[in-house]
Amino acid sequence: MEVRLRAAEILYDLERREAYLNILLRNRLPFYDLSLKEKHFITELVYGVTRWKITLDYIWSRFVRRDNLSLFSKVLLRLVVYHVYFLKDTILPVAVNEIVEIAKKKVPKEAKLINAVSRNIIREKNNLNLNSIPLHIRYGVPDFILEEWFDYIGRGEAVKALSWLNRSHNVSIRVNTLKISKKDLKEKLLERRIKFKDGNLVDQALIIEDGFDFERSDLFNEGYFVIQSEASMLPALILNPKPGNRVIDLCSAPGLKSTHLAELMKNQGKIISVDINKNRLRLVEENAKRLGISIIETFSQDVLNLPSSLDRSFDRVLLDAPCSGLGVISHKPEIKWRLKRDDIYNLSEMQVKMLERAGKLLKREGRMVYSTCTITWHENESVLLQFLQRNPEFKLVNFKYKGELFPGIMKVLPHKYNTDGFFIALIGYE
Ligand SMILES: C[S@@+](CC[C@H](N)C(=O)[O-])C[C@H]1O[C@@H](n2cnc3c(N)ncnc32)[C@H](O)[C@@H]1O
Numbered sequence: 001m002e003v004r005l006r007a008a009e010i011l012y013d014l015e016r017r018e019a020y021l022n023i024l025l026r027n028r029l030p031f032y033d034l035s036l037k038e039k040h041f042i043t044e045l046v047y048g049v050t051r052w053k054i055t056l057d058y059i060w061s062r063f064v065r066r067d068n069l070s071l072f073s074k075v076l077l078r079l080v081v082y083h084v085y086f087l088k089d090t091i092l093p094v095a096v097n098e099i100v101e102i103a104k105k106k107v108p109k110e111a112k113l114i115n116a117v118s119r120n121i122i123r124e125k126n127n128l129n130l131n132s133i134p135l136h137i138r139y140g141v142p143d144f145i146l147e148e149w150f151d152y153i154g155r156g157e158a159v160k161a162l163s164w165l166n167r168s169h170n171v172s173i174r175v176n177t178l179k180i181s182k183k184d185l186k187e188k189l190l191e192r193r194i195k196f197k198d199g200n201l202v203d204q205a206l207i208i209e210d211g212f213d214f215e216r217s218d219l220f221n222e223g224y225f226v227i228q229s230e231a232s233m234l235p236a237l238i239l240n241p242k243p244g245n246r247v248i249d250l251c252s253a254p255g256l257k258s259t260h261l262a263e264l265m266k267n268q269g270k271i272i273s274v275d276i277n278k279n280r281l282r283l284v285e286e287n288a289k290r291l292g293i294s295i296i297e298t299f300s301q302d303v304l305n306l307p308s309s310l311d312r313s314f315d316r317v318l319l320d321a322p323c324s325g326l327g328v329i330s331h332k333p334e335i336k337w338r339l340k341r342d343d344i345y346n347l348s349e350m351q352v353k354m355l356e357r358a359g360k361l362l363k364r365e366g367r368m369v370y371s372t373c374t375i376t377w378h379e380n381e382s383v384l385l386q387f388l389q390r391n392p393e394f395k396l397v398n399f400k401y402k403g404e405l406f407p408g409i410m411k412v413l414p415h416k417y418n419t420d421g422f423f424i425a426l427i428g429y430e
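Structure below.
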């Protein structure tokens, strides 16, 4: 019973405290007296239920008339539906009995109802008319996100992207070539019987194929790698800084891209890593230290309030803007339920202002990258268009990546490149 109880507690806290799923798991799993297999099952349950929340709610609520059910009971009913429709290898009566036992302990007044509803869900499981379910509920996203994606990338691509984003994928790492070669890191992984393969998109990336307690490993502590999706490695590669450059990374925490820039610069030159959040900026410092990087200087500041003394003084500017994060919902599925339609428009307005400030920092011959980890027109192309219209001295700069020519913009759709969704634009002076 403990596995399902822990999963229910995590799901309850995720919603009640607006917490983050990966952080809840990282903080709690090590303290459960459970096998690795059981911990994997907790992870599967909490990710699955969070991804499909809207679909699970749609199904159980057809059997419940009252609308004042406690959050914990809702979580338990989501778990029941998830077992019924999404898990192949479960003995349903055992799972449901356990969930009812949890209900008796945690929500005794609603336990009878949970029991009755669960039996009804199981009895009716083959009578669900898929065609009657609204599309966004079938694909497990809020309606406005599906509308946005149908408009932005077309129906076919949107459905493929969602199918990719609604699953778990192997984690990738970026080899820190300041400390170790890719070949030597591969040998060390092999010695530890950790399965991996080469990245799909980035030479410096390795994809880890089975469970590996990354942050507790000696290889991580030695600073041999960074945990980073391949898509997130592209902005630094496309910005292509040179050793000795003066670089500014405007929204830098926790420092994945700042440290990547430093590595590409062979730890020579200067990087100013700005972030509005002081606590998160500390993570940049910790990461730089672990990775053996000495050219990063952190600066806690709102991008919009950067002093004019910095203007026109950087060879490279990176604006990895705060965004709605819809490209990373495969590993942060809670994001999609917290986002509101207006958030996208508000973010877009802020991103345009940030990009205008960023442009002023660039030297005449310099290059700037605007990137987001999201898939919305308003936060990507629309921001660029507004910026270029208001600042005609700038243009998009064509670039090549792995032999392919990109017209200033690389739109990484997750299913096409088998990595997070990302948007990267390279900008320079006319
Ligand atoms: C997408 S994350 C950056 C990830 C980072 N580039 C990396 O690769 O590790 C966005 C960051 O922007 C910061 N941020 C948000 N608004 C800001 C502002 N007005 N000025 C500076 N930083 C800001 C947030 O604190 C957050 O750390």
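The sequence shown stops at residue 430 when you use full-length UniProt numbering, and every number in between is there. For every residue, glycine included, the Cβ atom is placed at its ideal position computed from N, Cα and C.
Any non-hydrogen atom of ligand 1 closer than 8 Å to residue i Cβ
{"i": "residue 301", "result": "yes"}
{"i": "residue 255", "result": "yes"}
{"i": "residue 14", "result": "no"}
{"i": "residue 350", "result": "yes"}
{"i": "residue 217", "result": "no"}
{"i": "residue 276", "result": "yes"}
{"i": "residue 280", "result": "yes"}
{"i": "residue 229", "result": "no"}
{"i": "residue 320", "result": "yes"}
{"i": "residue 354", "result": "yes"}
{"i": "residue 249", "result": "yes"}
{"i": "residue 232", "result": "yes"}
{"i": "residue 304", "result": "yes"}
{"i": "residue 258", "result": "yes"}
{"i": "residue 252", "result": "yes"}
Residues of its chain near residue i, where Cβ-Cβ distance is below 8 Å and the 5 sequence neighbours each way are ignored
{"i": "residue 302", "result": "276"}
{"i": "residue 417", "result": "200, 201, 230 and 231"}
{"i": "residue 265", "result": "241, 242, 243, 244, 245, 247, 271 and 295"}
{"i": "residue 4", "result": "45, 79, 95, 98, 99 and 102"}
Whether residue i touches residue j by CB criterion (9 Å)
{"i": "residue 432", "j": "residue 251", "result": "In the structure displayed, the chain extends from 1 to 430; residue 432 sits before or after that span and is not available."}
{"i": "residue 370", "j": "residue 383", "result": "yes"}
{"i": "residue 419", "j": "residue 200", "result": "yes"}
{"i": "residue 322", "j": "residue 287", "result": "no"}
{"i": "residue 161", "j": "residue 421", "result": "yes"}
{"i": "residue 166", "j": "residue 333", "result": "yes"}
{"i": "residue 331", "j": "residue 172", "result": "no"}
{"i": "residue 514", "j": "residue 196", "result": "Past the boundaries of the shown model lies residue 514; the chain is included only from 1 to 430, so the question cannot be answered."}
{"i": "residue 16", "j": "residue 71", "result": "yes"}
{"i": "residue 387", "j": "residue 356", "result": "yes"}
{"i": "residue 304", "j": "residue 354", "result": "yes"}
{"i": "residue 26", "j": "residue 222", "result": "no"}
{"i": "residue 320", "j": "residue 361", "result": "no"}
{"i": "residue 189", "j": "residue 249", "result": "no"}
{"i": "residue 54", "j": "residue 140", "result": "yes"}
Buried versus exposed, by CB contacts within 10 Å (16 or more), residue i
{"i": "residue 132", "result": "exposed"}
{"i": "residue 156", "result": "exposed"}
{"i": "residue 90", "result": "exposed"}
{"i": "residue 74", "result": "buried"}
{"i": "residue 23", "result": "exposed"}
{"i": "residue 93", "result": "exposed"}
{"i": "residue 2", "result": "exposed"}
{"i": "residue 7", "result": "buried"}
{"i": "residue 414", "result": "buried"}
{"i": "residue 380", "result": "buried"}
{"i": "residue 314", "result": "buried"}
{"i": "residue 342", "result": "exposed"}
{"i": "residue 78", "result": "buried"}
{"i": "residue 51", "result": "buried"}
{"i": "residue 385", "result": "exposed"}
{"i": "residue 125", "result": "exposed"}
{"i": "residue 258", "result": "buried"}
{"i": "residue 88", "result": "exposed"}
{"i": "residue 37", "result": "exposed"}
{"i": "residue 31", "result": "exposed"}
{"i": "residue 351", "result": "buried"}
Ligand 3 heavy atom lying under 8 Å from the CB of residue i
{"i": "residue 207", "result": "This structure lacks ligand 3; its bound ligands are ligand 1."}
Cut-off 6 Å between Cβ atoms - residues of its own chain near residue i, not counting five sequence neighbours on either side
{"i": "residue 409", "result": "425"}
{"i": "residue 175", "result": "182, 185, 204 and 225"}
{"i": "residue 428", "result": "367 and 397"}
{"i": "residue 307", "result": "none"}
{"i": "residue 138", "result": "none"}
Contacts around residue i, its chain only, beta-carbon distance under 7 Å, and the 5 residues preceding and following it disregarded
{"i": "residue 316", "result": "239, 241, 245, 247, 366 and 367"}
{"i": "residue 376", "result": "148, 152, 324, 326 and 344"}
{"i": "residue 107", "result": "70, 72 and 73"}
{"i": "residue 19", "result": "13"}
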